[in-house]
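Colleague: Using this note's numbering, the first residue of the sequence shown is number 2, and each one after it goes up by one.
Note that beta-carbon positions come from the ideal geometry of N, C-alpha and C, so glycine has one too.
Just so you know, these numbers come straight off a predicted model, no measurement behind them.
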Amino acid sequence: MFGIDAAEHEQALRRCEVTRKRLAKYVREGRDFVVLLAHEHACDGTEPSENPAYVQFAWREDLRLQVEVQGDHYRDQPYSDSQRRMLVGLGYAPPFEHGDDFCNWVQFRHAEGCQPDSVAQLLVDSLWQVFGTHFHDAPTSLRAGVSHWRLEWMVSPRKRDIEAEIMRRFGAKLLQPKLNASD
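#1: Please go through the segment 80 to 135 and give each complete alpha helix (DSSP H) segment of 4 or more residues, from N-terminal end onward.
#2: Do Pro53 and Ala39 have their CB atoms nearer than 8 Å?
#3: Give the DSSP bridge partners of Phe171, in chain order.
#4: Run the CB neighbour count on Ser148, radius 10 Å, all protein chains shown included, and call it buried at 16 or more, exposed below.
#5: Excluding five sequence neighbours on each side, which residues of the same chain lie with their C-beta closer than 6 Å to the C-beta of Val4?
#6: Taking three-plus beta-carbon pairs below 8 Å as touching, is the segment 87 to 106 in contact with the segment 161 to 171?
#7: Can you give the Cα-Cα distance for Asp77 and Glu51, rounded to whole angstroms?
#8: Suppose you measure from the CA of Ala182 to the CA of Gln130; what does that come to, to the nearest Å?
#9: Helix, strand or coil for Glu69, going by three-state DSSP, please let me know.
#10: Lys160 and Arg21 - do their beta-carbons sit closer together than 8 Å?
#11: Can you name the start and end residues of the beta strand (DSSP E) that Leu37 belongs to?
#12: DSSP has His149 in a bridge; who is on the other side?
#13: Over the uninterrupted alpha helix (DSSP H) stretch that includes Gln12, give me the two end residues.
#14: When the distance is taken between beta carbons, is Trp106 closer than 8 Å to Glu69?
#15: Using the Cβ count rule (16 or more neighbours within 10 Å means buried), how would you classify Ala7?
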């Protein structure tokens with residue numbers, strides 16, 4: 002793999018896992034939104050794009066989790082046919098399929114679909130499979146002749162107790178045990 006040895010590969014896998022765990026933590030904490038930009042620094046010295054790849058999630062007021070990948074019109078070039086197939090395969094709907102307000106590739110997750118590890122894995126898979134983002138450090142990338150990717154995090158400071166909101170909205174009374182056996 003590009004002349005990368007086993008130790009460098011393991012190091013990249015660890016960095017990927019740290020990213021996945023961090024994303025899962027933010028979902029679990031109920032952060033209002035998280036945007037993860039992936040800045041590509043080409044090994045040939047080409048200037049990085051002013052429109053870096055990104056994935057994001059946001060909790061909606063209806064308690065669905067909205068997961069998005071950059072829309073075609075935000076990119077320097079449209080997605081290729083294989084990238085479009087990959088996005089559809091990952092569960093994203095094309096821009097505007099859900100209405101005029103949804104200009105990115107988007108999917109909505111409900112209930113168990115909001116499980117933090119599942120959402121985090123989807124975001125990491127989206128970066129890797131759609132954009133080719135990898136987690137090798139700069140020296141390894143340079144030596145291997147591949148782009149280096151720098152991640153930029155934008156994390157909402159606001160946290161919501163999603164579980165409590167779900168219980169409040171969808172029937173906490175149904176789940177409460179009886180306090181008195183004579184009832």
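Modeller: Checking against the coordinates, here is how it stands:
#1: 82 to 90 and 117 to 132
#2: yes
#3: The partner list for Phe171 (beta bridge, DSSP) is empty, contrary to what the question assumes.
#4: buried
#5: A small fix is needed here, since residue 4 is Gly in this sequence, not Val. Answer for Gly4: Ala145, listed in chain order.
#6: no
#7: 8 Å
#8: Its pLDDT being 49, under 50, Ala182 is placed unreliably by the model, and the measurement read from it follows with that caveat. Roughly 55 Å between the two C-alpha positions.
#9: strand
#10: no
#11: Phe34 to His42
#12: His42
#13: Ala7 to Arg29
#14: yes
#15: exposed
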